[in-house]
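Just so we're aligned, residue 56 is where the sequence shown starts under the numbering used here, counting upward by one. We put the CB at the ideal spot given by N, CA and C, even for glycine. Keep in mind it's a predicted model, so treat the numbers as computed, not measured. For reference, the structure discussed in these notes is given below.
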Amino acid sequence: MLARPARTILSALSFLLVLGACSRTPPADDLLADARRYRDKGDTRAAIIQLKNAVQQQPDNAEARLLLGQLYVDSGDMLSAEKELRRARDAGAAPAPVLAALGRALLAQGQYERALAETEQATGPAALALRGQALLGLGRTGDARSAFEEALRRQPGSIEATLGLARLALAGGDSAQARQLTEQAIEASPASVDALRLRGDLQRADGQRDAARAAYEQIVAQKPNNVQALVDLANLDIEGGRFKEARARIAQARKAQPNSLLILYSQALLDFREGQFKTALEQLQQVLRAVPEHMPSVLLAGAVELALGANSQAERYLQQFLQANPGNAYATKLLATVALRNGNPAEALKLVQPLLQDTPDDVELLALAGEAEMRARRFNQAAAHFKKASALRPDAPGLRLAHGVSRLGLGDNPSAIAELEQATQGDSQASRAGVLLVLTHLRDKQFDKALDLVDGMIKGGDSAMLQNLRAGVLLARSDVDGARAGFEKALTQDPMYQPALDNLAQLDVVSRKPDDARKRYEAALARDKKNPGLLTALARLATQRGQPAEAIRWLEQAHRENPDAAAPAQLLAAYYLRAGEKQKALTLAQKLQATDPAAPELLALLAETQAESGQTQAALESFGKLAVLQPNSAPVQLRIASLQLASGQVAGALTAARKASKLAPDNDGAAILLSSLLIEKNALAEATAHARDWQTRHAASPVGFKLEGDVLMAQQKPGDAVQRYEQAFGLAPSGPVLIALHRALQAAGRQAEATARMGAWLEQQPTDQPTRMYFASALLAAGDAAGASGQYLKVVERSPDNVVALNDLAWALLQQKDPRALAHAERAHKLAPRNAAVADTLAAILLERGDTAKALPLLRKAVEGAPQSAEIRFHLAQALLKSGDRQGARAQCEQLLKQPDFKRQDEVRRMLAQL
56 MLARPARTIL SALSFLLVLG ACSRTPPADD LLADARRYRD KGDTRAAIIQ LKNAVQQQPD
116 NAEARLLLGQ LYVDSGDMLS AEKELRRARD AGAAPAPVLA ALGRALLAQG QYERALAETE
176 QATGPAALAL RGQALLGLGR TGDARSAFEE ALRRQPGSIE ATLGLARLAL AGGDSAQARQ
236 LTEQAIEASP ASVDALRLRG DLQRADGQRD AARAAYEQIV AQKPNNVQAL VDLANLDIEG
296 GRFKEARARI AQARKAQPNS LLILYSQALL DFREGQFKTA LEQLQQVLRA VPEHMPSVLL
356 AGAVELALGA NSQAERYLQQ FLQANPGNAY ATKLLATVAL RNGNPAEALK LVQPLLQDTP
416 DDVELLALAG EAEMRARRFN QAAAHFKKAS ALRPDAPGLR LAHGVSRLGL GDNPSAIAEL
476 EQATQGDSQA SRAGVLLVLT HLRDKQFDKA LDLVDGMIKG GDSAMLQNLR AGVLLARSDV
536 DGARAGFEKA LTQDPMYQPA LDNLAQLDVV SRKPDDARKR YEAALARDKK NPGLLTALAR
596 LATQRGQPAE AIRWLEQAHR ENPDAAAPAQ LLAAYYLRAG EKQKALTLAQ KLQATDPAAP
656 ELLALLAETQ AESGQTQAAL ESFGKLAVLQ PNSAPVQLRI ASLQLASGQV AGALTAARKA
716 SKLAPDNDGA AILLSSLLIE KNALAEATAH ARDWQTRHAA SPVGFKLEGD VLMAQQKPGD
776 AVQRYEQAFG LAPSGPVLIA LHRALQAAGR QAEATARMGA WLEQQPTDQP TRMYFASALL
836 AAGDAAGASG QYLKVVERSP DNVVALNDLA WALLQQKDPR ALAHAERAHK LAPRNAAVAD
896 TLAAILLERG DTAKALPLLR KAVEGAPQSA EIRFHLAQAL LKSGDRQGAR AQCEQLLKQP
956 DFKRQDEVRR MLAQL
């Protein structure tokens with residue numbers, strides 16, 4: 056091994072060698088000349104590299120900056136183009152070419168207002184044509200026409216202005232005028248790429264694909280590396296289902312410009328059509344990072360996210376698209392689908408009903424409206440929509456399926472079964488309708504009919520899914536052996552069919568053979584070592600067996616093997632939190648959220664992890680961002696309220712609780728939190744009105760009476776509170792209501808009755824551990840250590856690892872000088888060695904036994920863990936004095952005197968007097 060000085064010298068030499076290599080970079084002028092040669096050859100990538108090197112040497116080289124910006128425009132990197140063109144202008148480049156390229160960059164990004172601002176002082180015909188395009192993009196058609204006509208007045212025959220008028224005619228629905236103007240531009244300039252492309256676009260819109268292909272091919276004949284034309288040809292192939300040809304065109308375009316955003320979009324479209332949704336999304340994310348306002352990519356991203364099941368992300372993209380393109384039918388249908396998946400049928404209907412008025416025979420809209428009505432449990436309306444849709448498309452089994460489901464909702468089983476049977480006939484393979492029909496027979500306990508139907512479906516085409524369904528029928532009629540054989544048969548059809556694997560594993564667990572279940576999953580995993588579903592199933596099995604460490608190991612493997620899969624990572628973060636590995640959970644949540652900052656589920660995970668890790672302010676910031684993404688979410692507002700309350704921000708908590716209660720007026724959690732905060736703010740009249748409103752709207756619910764009882768307790772009217780709590784308890788007996796009643800009875804001076812009521816409840820509900828814990832604590836606070844220890848012992852009998860119960864039991868036994876206290880305190884400390892309160896209890900017991908040497912280290916650690924706890928610091932001072940460490944005891948007493956709220960200040964002063 057080299058000594059440190061020698062290694063330092065070698066590092067310095069390496070650094071000098073690097074500097075030497077940098078000094079041999081060609082001069083900027085040579086790099087600029089190289090870039091032009093590469094550009095002329097069509098090698099855009101190499102040209103950009105040389106220009107980057109040139110501007111690194113000469114940051115103010117206007118010519119290099121301009122050329123670099125133009126090349127970025129050609130390659131589709133509009134953000135970089137804009138940056139370089141602005142630098143070129145600042146460095147003194149000629150305004151006209153800068154403006155022409157900058158305008159293209161801004162228009163491509165949909166930045167029409169900024170394009171207008173850039174050309175505000177420009178008066179040339181090219182600039183006027185550019186302004187016309189920006190105005191057209193903003194929908195200001197009159198102003199756009201004026202700009203194009205003025206450009207033509209200043210430069211008769213201007214191709215840019217003529218094509219602008221053609222686009223204007225197309226936007227107004229006058230395709231004939233658009234074609235005439237386009238042909239006029241081509242006649243004036245037969246080689247105009249823009250004119251030829253518009254000709255192709257118009258022919259494509261009219262369904263003349265062959266003619267459009269000829270127009271794009273004409274461009275490629277002139278300019279073989281024209282990426283736009285190659286992409287247009289690829290898109291034509293995609294529309295026609297010619298995926299192989301499309302792939303070849305995209306590859307040809309990529310050779311010309313490897314990083315073109317046009318190519319990325321076209322590749323994403325091809326991937327989407329071929330069902331490669333994840334790959335499509337990766338391409339689109341690259342486009343949208345560069346050009347966030349590229350609306351075709353925004354729309355396609357919405358469709359892709361919906362196909363991937365990422366409803367929140369899909370909703371975000373689709374809303375963005377519809378803001379720019381209101382009323383777009385395709386985007387609206389997709390957004391309605393998102394609303395249905397999110398359980399919001401009212402929103403789905405709000406979206407589709409206006410479209411349905413304009414196009415009442417649109418089968419897709421009818422199906423969406425039918426499903427929304429069915430989700431809202433308005434089965435008559437749903438059946439009407441599905442009936443009409445299936446009449447328009449009698450060959451669509453899916454519509455008959457939906458109609459059958461709606462009839463089921465109406466309780467019309469005969470009609471429903473008839474529709475489902477017809478739907479199954481429309482599909483020779485196992486269909487959703489057939490499966491639903493089987494489930495309908497199962498619900499009616501018609502097992503033979505269900506089995507006959509499955510067997511008939513199997514004859515039409517066997518599959519693992521059908522064998523799994525058949526086994527499920529057998530299991531429903533208690534034929535466990537037959538079911539097991541059926542699940543095994545499903546696996547002979549497809550050894551990796553996880554529903555059958557899961558069913559067999561559950562049978563193993565029920566049969567008390569969890570090792571067989573584990574071996575079953577591990578055998579499947581040997582076939583596919585990275586399968587996240589199998590790894591997650593093994594984690595779930597380990598959890599069932601009480602092996603949390605094993606569960607985490609499987610999830611860590613799932614995350615390691617599938618780093619881009621969100622589901623295993625999210626589950627792993629939750630397991631880390633459950634295991635107390637808060638830093639690991641936080642690190643993982645931060646990493647996940649960074650991959651998609653706008654994904655609500657990942658932001659929610661990060662916020663919860665921050666909250667659990669004690670980072671309350673950071674959690675509040677994250678939940679605040681989540682509230683922006685999900686403005687109608689009551690649970691998010693409730694979480695914000697609880698965190699603000701925990702951090703002492705009562706006013707903010709009250710605001711959030713009011714929002715939650717407004718968003719979810721029937722949510723009892725929101726009602727309870729709002730009431731407690733109103734009481735905290737002494738808004739007792741509002742709290743009373745809130746409680747009585749709940750009583751009116753939910754007469755059979757105990758919540759309203761419980762809330763009014765809480766207000767009366769705050770008004771120091773325990774007798775009246777008892778009456779309200781009794782009403783609540785009468786409606787729905789529960790531990791929480793009894794606890795409130797117990798407190799009210801005590802406050803009213805009816806101690807014996809309070810104790811009797813609590814004792815009777817716990818006799819009837821011996822497993823109600825929270826209520827027993829409360830009762831034990833109340834007895835201990837009242838000085839009844841014997842009664843408290845009796846209750847704590849019953850808790851520990853059922854939950855031997857309950858740290859709080861063990862600790863409090865030890866303390867109660869200490870008050871009675873019961874020697875059993877030490878064993879319970881030691882067990883609590885073993886289970887929670889970092890818990891300051893537990894260490895304090897154990898130390899107190901040791902001090903009582905005269906073992907100061909063992910007590911002192913425990914108390915020192917306890918003070919380190921809870922430096923604000925005056926009681927624990929007081930115990931440390933006592934122990935130090937007892938050990939003879941007078942100086943240490945004095946230091947602790949001086950610290951205690953700085954806490955004026957500590958109730959034992961007189962004892963502290965007496966202790967100081969002894970020192």
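Which residue from the options puts its Cα closest to that of residue i?
i, options, result
"residue 774", "789, 795, 924, 741", "795"
"residue 426", "398, 712, 743", "398"
"residue 916", "931, 759, 161", "931"
"residue 945", "955, 929, 188, 956", "929"
"residue 737", "721, 705, 755", "705"
"residue 184", "724, 176, 203", "203"
"residue 146", "116, 936, 276, 347", "116"
"residue 810", "285, 829, 824", "829"
"residue 896", "669, 862, 719, 942", "862"
"residue 856", "882, 558, 878", "882"
"residue 629", "620, 640, 619, 621", "640"
"residue 213", "198, 187, 192", "187"
May I have the straight-line CA-CA distance separating residue i from residue j, to the nearest angstrom?
i, j, result
"residue 940", "residue 846", "39 Å"
"residue 268", "residue 337", "28 Å"
"residue 289", "residue 325", "9 Å"
"residue 835", "residue 826", "14 Å"
"residue 127", "residue 373", "28 Å"
"residue 388", "residue 582", "40 Å"
"residue 263", "residue 252", "14 Å"
"residue 423", "residue 415", "12 Å"
"residue 819", "residue 813", "10 Å"
"residue 521", "residue 360", "29 Å"
"residue 777", "residue 531", "49 Å"
"residue 240", "residue 234", "10 Å"
"residue 564", "residue 572", "7 Å"
"residue 875", "residue 887", "19 Å"
"residue 396", "residue 366", "7 Å"
"residue 788", "residue 864", "28 Å"
"residue 81", "residue 248", "36 Å"
"residue 850", "residue 824", "6 Å"
"residue 690", "residue 728", "12 Å"
Quick check on DSSP: helix, strand or coil for residue i?
i, result
"residue 567", "coil"
"residue 501", "coil"
"residue 368", "helix"
"residue 813", "helix"
"residue 414", "coil"
"residue 957", "coil"
"residue 552", "coil"
"residue 895", "helix"
"residue 383", "coil"
"residue 719", "coil"
"residue 884", "helix"
"residue 523", "helix"
"residue 407", "helix"
"residue 558", "helix"
Taking only heavy atoms of the ligand GTP into account, decide whether any of them is closer than 7 Å to the Cβ of residue i.
i, result
"residue 306", "The model on display carries no ligand, and the ligand GTP is accordingly not part of it."
Every unbroken alpha helix (DSSP H) inside the stretch 280 to 330 [4 residues or more]: Runs of the alpha helix (DSSP H) spanning 4 or more residues and lying entirely within the stretch 280 to 330 occur at 282 to 294, 298 to 311, 316 to 328, in chain order.
Any contact between the stretch 548 to 558 and the stretch 581 to 595? By contact I mean 3 or more CB pairs, one from each, below 8 Å. The stretch 548 to 558 and the stretch 581 to 595 touch, with no fewer than 3 CB-CB distances between them shorter than 8 Å.
Which ranges does the beta strand (DSSP E) cover as unbroken runs of at least 3 residues, wholly within the stretch 165 to 219, from first to last along the chain? Listed in chain order, the beta strand (DSSP E) elements of length 3 or more contained wholly in the stretch 165 to 219 amount to none.
In chain order, which continuous runs of the alpha helix (DSSP H) of length 4 or greater are located wholly inside the stretch 819 to 880? The qualifying runs are 824 to 836, 840 to 853, 858 to 870.
Quick check: the stretch 676 to 689 against the stretch 651 to 659, are at least 3 beta-carbon pairs closer than 8 Å? With a cut-off of 8 Å, the stretch 676 to 689 and the stretch 651 to 659 count as touching, because enough Cβ pairs lie within range.
For the stretch 242 to 262 and the stretch 215 to 230, state whether three or more C-beta atom pairs, one from each stretch, are separated by less than 8 Å. Touching, yes.
Decide if the stretch 535 to 545 is in contact with the stretch 505 to 514; the criterion is three or more beta carbon pairs, one per stretch, under 8 Å apart. These segments do not touch.
Are at least three pairs of beta-carbons, each pair with one atom in the stretch 318 to 335 and one in the stretch 105 to 121, less than 8 Å apart? Of all C-beta pairs linking the stretch 318 to 335 to the stretch 105 to 121, fewer than three are shorter than 8 Å, placing the two stretches out of contact.
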